[in-house]
Each structure stands twice: as C-alpha cells, then as structure tokens.
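Each residue of the sequence shown is one higher than the last, beginning at 412 in the working numbering.
Right, one structure below, let's go through it.
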Amino acid sequence: MEAEVENPLRQKIDEMKDWLVEIRRTIHMHPELGFEEVETSRLVSGWLERFGLEVKTGIARTGVVGLLRGKGSGQTVAIRADMDALPMDEPDRMPYASKIRGKMHACGHDAHVTILLGVAKFFSSIPERVKGNIKFVFQPAEEGGGGGRIMVEEGVLENPRVDAAFAAHVYPLLPIGKVGIYEREGLASADRFIIKVIGKGGHAASPHLTRDPIMAAGHLIAQIHSIVSRNVDPLESGVITIGRVSGGTAFNIIPDEVELWGTVRSLTPPIREELKSRIDQVARGVAQSFGVDYRFNFEYGYPVLLNDPAMSKLVASACSEGIGQGNVEVVKPSMGGEDFAYFLEKVPGAFFRLGIRNEGKGIVHPYHSSLFDIDEEVLPFGVEMFVRIIDRFLGLEMTR
Ligand SMILES: [Zn+2]
Ligand SMILES: [Zn+2]
C-alpha cells in the first residue's frame with residue numbers, strides 16, 4: 412500500500428461534496444439530448460452568475476461560457492464539459508434515475524458539468540489568488556452533434572484568447588481515484604463514406620448484356636479490406652468497416668446500382684488522408700476493371716484528438732502531486748471519437764480520464780449501457796484534479 416498523500420486541498424473541496432452530489436443528481440434525473448440542453452444550461456448559467464462570473468449563453472444554441480477574470484494578469488485557461496444525454500431508457504434502479512422516458516445520462520456528462528461547476532465555485536471564492544483568466548465552457552451535443560466544433564467556430568477560444576484547454580471524461584475501465592492520460596493520440600478521427608457502384612442492369616440470364624454492379628461491389632469490398640493491411644504501417648492504427656451494402660430487388664434481375672456505406676477511423680491526420688485517397692483509388696481501379704462507374708462520397712467527422720505532449724505531462728505531474736504518481740496512468744488511445752478534438756486543433760491542451768469504476772458498489776458497466784453509473788467520489792476528485800491543473804498552468808502555487 413502506498414502511503415496516503417497529505418492533501419489539505421482535497422479536504423477543502425470535500426466540504427462541497429453534498430452540493431456536488433445534489434447537482435449531479437438533479438442533472439441526472441433531467442437528461443436532455445444534444446442542442447436541447449435548455450434546463451441544464453439554465454442551471455449552469457444560474458450558478459455561474461451566483462459565483463459572480465461573466466456569463467454568456469446561447470453559444471452553439473444551448474452552450475454556456477463563464478469567465479472568471481483573476482485579480483492579477485496572466486494567461487487564459489479553458490476547461491470544458493459536455494452536457495448532453497443519450498436517447499435511451501434508464502431502468503428505475505436508483506433514487507436519482509432519469510425521470511424522462513427515452514433519455515439517460517449514460518455517458519457521465521452529468522458528472523462533467525458538475526465537476527466544472529465545482530471548479531468554478533472553488534476559484535470564484537478566491538479571485539484575489541487567481542492570476543490570468545479561467546474560462547468555463549459548457550458544450551452541447553457531444554454525442555454526434557459536434558457542438559464543440561460550433562462553439563469553436565462561434566469564437567469560444569477568443570476574447571480573451573485561450574492559451575490552453577483541458578477536458579476530462581469519466582472512465583469505467585479505470586478504478587475510482589485514478590487518472591488516465593493520453594501522451595499524444597487520444598481518440599480517433601471518425602469519418603463516413605458512401606460508394607455508389609453504377610453499372611447497367613438487365614436479365615440475370617444474360618449477364619453479357621449488362622455491367623453487373625453486384626459483382627464489382629463484391630470485389631470492391633474485398634479490395635477495400637486490403638488497404639489497412641497493405642498501406643498502413645503495422646505499428647500505426649486504422650480501421651475501415653463497411654457497415655451496409657444495398658442493391659438489387661429480385662433473383663433474376665441484375666440491378667443498375669449498389670451502394671456501400673462505411674466508416675474510417677485513424678489516429679493521425681496523414682493516415683486519415685491516406686485511407687481516404689486509397690479507398691477512392693481502389694474504387695476507381697475496380698470500377699474500371701469491371702466496366703462500371705462509381706461515385707465516392709466522403710464525409711469528415713470528428714478529427715483525431717491530439718494532446719499536446721507538454722500539456723499531457725503537466726496534467727500527469729499536477730495530478731500526481733495530489734494523488735501520487737502510482738494513481739496516474741498512461742492510457743492507450745481509443746478508436747472512438749470525441750469532439751473536444753476541435754478545441755485541441757486550435758490551442759494546446761490535453762484530454763484525460765477520471766476513473767469511476769468501483770466493483771464494491773457494482774459500478775462496472777460500460778458507457779451507453781442502461782446500467783451505467785458513476786462512483787460519485789469522482790465529483791470532488793475531478794474538481795481537485797482540475798484545480799491542480801489550472802493552478803499549475805497559471806502558476807498560482809496555491810496547492811503547494
Ligand atoms: Zn458517449
Ligand atoms: Zn461521453
């Protein structure tokens with residue numbers, strides 16, 4: 412057993428634990444989907460105003476930003492929480508289960524909002540000790556809506572200009588009390604494509620009079636699956652999955668067209684571009700060899716989330732100071748997506764994980780499961796981690 416790290420900061424933050432739990436449960440009971448976070452953003456802006464921050468609402472529709480201007484001059488740091496829930500039912504197991512049918516906070520965004528409010532409460536009680544500015548960003552629609560991109564486009568990183576941005580996501584694979592950090596690549600880019608194979612239909616018994624798009628699509632599927640194995644460095648990552656094939660209507664008809672839908676994921680921008688252009692090349696080659704035509708439509712989704720290695724080190728070191736090095740782990744990247752990536756395209760920063768797993772309390776279920784829950788100890792714990800990161804970045808030296 413590692414010796415307990417003496418931690419007066421945590422003792423101070425623990426004084427707000429009941430308040431944190433109450434806020435988290437209020438949000439949990441009233442989940443709202445992406446761009447519909449009206450009550451959640453009202454709750455957020457209400458608290459930020461009470462804390463005396465400069466508050467802007469209606470950014471990216473339901474987003475809220477609170478600005479704490481410190482008494483001394485210094486840099487500007489932003490921290491961000493996502494606010495949206497998921498379109499699913501939560502079973503009535505807990506006293507704080509969702510009261511809204513078909514909606515549930517099954518990704519822990521209720522905890523993210525609560526933790527940021529806790530950090531705002533902490534620093535707003537001691538503005539004289541803050542040098543520089545702290546921007547609290549409450550973002551709508553992370554679950555596929557790209558609220559983060561819209562907030563960045565609407566200028567959330569300006570006025571005052573943000574020097575670094577940090578965000579955390581609760582993590583059911585990591586035990587409570589631990590922090591996980593990505594050194595550089597965190598989450599994958601997640602793009603979509605549609606390939607239309609255009610042939611010339613006709614009678615199944617006279618294929619020589621047609622240009623069979625089904626035959627061509629079959630070869631194309633096989634060829635596309637050779638791209639990752641032959642064009643990506645075996646020590647790098649990429650995924651191409653074709654999730655839908657559609658075409659044809661009957662046993663005896665060769666159709667005019669076949670459509671393939673797929674997703675492309677990667678951890679670096681060059682591989683992302685390589686996969687895109689190789690799919691197009693392979694489709695062109697296969698189409699030519701079968702005498703059919705094709706249309707390739709590629710839709711960019713969330714970009715790769717890339718931490719700034721220096722900021723990852725800052726997070727690891729600042730958190731270690733409170734919880735000991737043994738509780739801060741480097742975690743492997745994931746092929747999922749995360750729209751905090753749009754913030755990190757513009758400013759240096761880091762995305763990290765807060766452990767919530769607690770076998771003893773039965774908190775072991777994955778994200779987006781109807782049994783998902785968090786160990787609420789993560790609320791004061793998360794506040795402490797952000798306070799330490801901000802303290803370190805702005806050079807406040809409050810926690811030493
Ligand atoms: Zn999610
Ligand atoms: Zn999430």
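Ideal Cβ placement from N, Cα and C applies to all residues, glycine included.
Predicted, not measured: the structure shown is a model, and the values here were computed from it.
Can you tell me whether DSSP reads residue i as helix, strand or coil?
i    : result
P583 : strand
N769 : strand
I682 : helix
K423 : helix
L790 : helix
D493 : strand
E596 : strand
M505 : coil
R572 : coil
S781 : coil
N718 : coil
Y753 : helix
M412 : Annotation note: pLDDT 48 at M412 (below 50); position unreliable, no value reported.
A661 : coil
D802 : helix
D623 : coil
T487 : strand
D521 : helix
I526 : helix
I635 : helix
F762 : strand
D644 : coil
K510 : coil
E539 : helix
G588 : coil
M515 : strand
V567 : coil
F577 : strand
A601 : strand
A559 : Here the sequence assigns Gly to residue 559, which means Ala is not the residue at that position. In the structure shown, G559 sits in a helix (DSSP, three-state: H, G or I).
In the DSSP assignment, find the unbroken beta strand (DSSP E) run with residue i in it and report its ends.
i    : result
H709 : Note that residue 709 corresponds to Phe in the displayed sequence, not to His. Residues 704 to 710.
I774 : Neither: I774 is in no beta strand (DSSP E) and is coded neither H nor E.
T437 : First-last for T437: 428 to 440, but that is the alpha helix (DSSP H), not the beta strand (DSSP E).
T468 : 465 to 470
I651 : 649 to 658
V476 : 474 to 480
G673 : 668 to 677
V548 : 542 to 550
E740 : 739 to 741
Anyone know if the C-beta pair for residue i and residue j falls short of 8 Å?
i    : j    : result
V548 : A489 : yes
A492 : M562 : no
G760 : F577 : yes
G659 : R764 : no
S781 : M515 : yes
N708 : F762 : no
K482 : V541 : yes
I625 : V669 : yes
G793 : I587 : no
L420 : V798 : yes
I703 : V608 : According to the sequence provided, residue 703 is Val. The question's Ile does not apply to it. Their beta carbons are under 8 Å apart, which means V703 touches V608 by this criterion.
E710 : T679 : no
S452 : V475 : yes
N544 : L444 : no
Y778 : D750 : no
I774 : L671 : no
May I ask you to check if the CB of residue i is nearer than 7 Å to at least one heavy atom of ligand 2?
i    : result
E553 : yes
D493 : yes
V580 : The question names Val, but residue 580 in the sequence shown is His. Yes, Cβ of H580 sits closer than 7 Å to a heavy atom of ligand 2.
H520 : yes
Any heavy atom of ligand 1 closer than 7 Å to the beta-carbon of residue i?
i    : result
C730 : no
Y778 : yes
Give me the Cβ distance between residue i and residue j, rounded to the nearest whole Å; I'm assuming they're in contact under 8 Å.
i    : j    : result
E448 : D495 : 6 Å
L497 : P791 : Contact doesn't hold; Cβ gap of about 25 Å is too wide.
A721 : Y705 : 45 Å between Cβ atoms; not a contact.
T683 : V715 : It is Arg, not Thr, that sits at residue 683 in the sequence shown. R683 to V715, Cβ: 7 Å. Contact.
F462 : K532 : 6 Å
V739 : S745 : At roughly 18 Å, the Cβ-Cβ gap does not stay under 8 Å, so V739 and S745 are not in contact.
M427 : G529 : 6 Å
F604 : G673 : 5 Å
V524 : H630 : Going by Cβ atoms, the distance from V524 to H630 rounds to 49 Å, so no, they are not a contact pair.
L620 : G613 : 5 Å
A616 : F701 : No, A616 and F701 are not in contact; Cβ-Cβ is about 19 Å, not under 8 Å.
Looking at the unbroken alpha helix (DSSP H) that takes in residue i, where does it start and where does it end?
i    : result
E450 : 449 to 461
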